[in-house]
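If you're matching positions, the sequence shown starts at 1 in UniProt numbering and goes up one per residue.
Below is one structure, written out as structure tokens; comments come after it.
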Amino acid sequence: MDLVEYQKSESESYLEEARFPRAETKDWWKTNSPRLPVLAKIARDISSPSHFASESAFSVGGRVIDESRGVMKAQLLQTIVEETE
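Structure below.
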């Protein structure tokens, strides 16, 4: 099985999983990262708080990130997934 086939089967495995409550997301990825290593890395990268968020929280000058910057666009997510494959 080559890397592309492996990653396709990894994403298919993930999509076949039962849904889980959002509050348990971090624990779910910690448990399942050995089984889904590529997707776990993507999830970690996407869900990690950025230094910009902390700058925004502690900035006396106001918000650094607005709502339009805080939402990842679907095309960007697709590009990230394709680049890791």
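Think of the CB as a built atom: it goes at the ideal place given N, C-alpha and C, for glycine as much as any other residue.
Keep in mind it's a predicted model, so treat the numbers as computed, not measured.
> DSSP state of L39, grouped into three classes?
Replying inline: helix
> By DSSP, does S11 sit in helix, in strand, or in coil?
Replying inline: helix
>> Buried or exposed for A40, going by 16 or more other Cβ atoms inside 10 Å?
In response: buried
>> Using 9 Å as the threshold, is the C-beta distance between T25 and S47 below it?
In response: yes
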